[in-house]
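Trainee:
Residue numbers (this note's numbering): -13 to 134.
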């Protein structure tokens, strides 16, 4: 469950969650996730486990799962997680594992990842350099050595 000391975006995104996809907010992820993956391959990345930070309504997570990746997706908004879980449909090769969590308190729900993504403006919600440092330290702990 998201820590109540970081609620500043939970309420606005709870209101927005019902129309998030229809309003086009997932379009950036839809356009960029194949590019991010192609870039990773271009620098010889190889992996099967992905951690999706700030997953929102789950477009990126499900797309990756449909490509056969093992995906853990985290968001601090319970409404977004609910929509993401409902979006999951069969028969995907893999089904994302969703967790309600603030990325400042990140612990990977699937263990070490080969790739960590924060698609869109996820990191823009971080309010200080100290919090940003905490996020990057947590991401580093969630990654397999030498991964992205």
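All residues carry an ideal CB built from backbone N, CA and C; glycine is no exception.
Given that a residue counts as buried once 16 or more other Cβ atoms are within 10 Å of its Cβ, and exposed if not, what is residue 34?
Mentor: The residue labelled residue 34 in the question sits at position 48 within the chain shown. Exposed, since its Cβ has fewer than 16 Cβ neighbours within 10 Å.
Trainee: Please state if the CB of residue 26 and the CB of residue 47 are separated by a distance shorter than 8 Å.
Mentor: Numbered from 1 along the chain shown, position 61 holds the residue referred to as residue 47. Numbered from 1 along the chain shown, position 40 holds the residue referred to as residue 26. No, these two residues do not count as a Cβ contact at 8 Å.
Trainee: Residue 15 and residue 105: beta carbons closer than 8 Å?
Mentor: As a first step, residue 15 must be located in the chain shown, where it is residue number 29. As a first step, residue 105 must be located in the chain shown, where it is residue number 119. Yes, they are a contact pair.
Trainee: Measure how close the beta-carbons of residue 111 and residue 37 come, nearest whole angstrom, since I'm counting them as under 8 Å.
Mentor: Working through the chain shown from its first residue, we reach residue 111 at position 125. Working through the chain shown from its first residue, we reach residue 37 at position 51. About 17 Å separates the two Cβ atoms, so there is no contact after all.
Trainee: Is the beta carbon of residue 44 less than 8 Å from the beta carbon of residue 59?
Mentor: For the purposes of this step, residue 44 is taken as residue 58 along the chain shown, with counting starting at 1. For the purposes of this step, residue 59 is taken as residue 73 along the chain shown, with counting starting at 1. Going by C-beta atoms, residue 44 is nearer than 8 Å to residue 59.
Trainee: Between the alpha carbons of residue 120 and residue 91, how many angstroms are there, rounded?
Mentor: Reading the chain shown from its first residue, position 134 is the one you call residue 120. Reading the chain shown from its first residue, position 105 is the one you call residue 91. Using only the alpha carbons, I get a separation of about 8 Å.
Trainee: Return the residue from the list 50, 113, 64 that minimises the CA-CA distance to residue 102.
Mentor: The residue given as residue 102 occupies position 116 in the chain shown. Nearest option by C-alpha distance: 50.
Trainee: Jot down the residue ranges of each uninterrupted beta strand (DSSP E) in the stretch 61 to 106, minimum 3 residues, whole runs only, in chain order.
Mentor: The stretch 61 to 106 contains these whole beta strand (DSSP E) runs: 83 to 86, 101 to 103.
Trainee: Please look up how many angstroms separate the CB atoms of residue 81 and residue 39, rounded, as I've assumed it's under 8 Å.
Mentor: Translated into positions along the chain shown, residue 81 becomes position 95. Translated into positions along the chain shown, residue 39 becomes position 53. Actually they do not touch by this definition, with Cβ atoms about 18 Å apart.
Trainee: Considering only DSSP beta bridges, list what residue 37 is partnered with.
Mentor: In the chain shown, the residue the question calls residue 37 occupies position 51. DSSP, once it has assigned bridges, lists 58, 102 as partnering residue 37.
Trainee: Consult DSSP for residue 134 and reduce its assignment to one of helix, strand or coil.
Mentor: If you number the chain shown from 1, residue 134 lands on position 148. In the structure shown, residue 134 sits in coil (DSSP, three-state: anything other than H, G, I, E or B).
Trainee: Please classify residue -10: is it buried, with 16 or more other beta-carbons within 10 angstroms of its beta-carbon, or exposed?
Mentor: Translated into positions along the chain shown, residue -10 becomes position 4. Any reading at residue -10 needs caution, since the residue's pLDDT is 46, under 50, leaving its predicted position unreliable; the model's value is listed next. Looking at its Cβ environment, which holds fewer than 16 other Cβ atoms inside 10 Å, residue -10 is exposed.
Trainee: Just to confirm, is the Cβ distance from residue 98 to residue 130 under 8 Å?
Mentor: Numbered from its first residue, the chain shown carries residue 98 at position 112. Numbered from its first residue, the chain shown carries residue 130 at position 144. Result yes, Cβ atoms of residue 98 and residue 130 sit closer than 8 Å.
Trainee: Using only CA atoms, which one of 93, 87, 95, 20 lies nearest to residue 61?
Mentor: Position 75 of the chain shown, counted from the start, is the residue given in the question as residue 61. Of the listed residues, the one whose Cα sits closest to residue 61 is 87.
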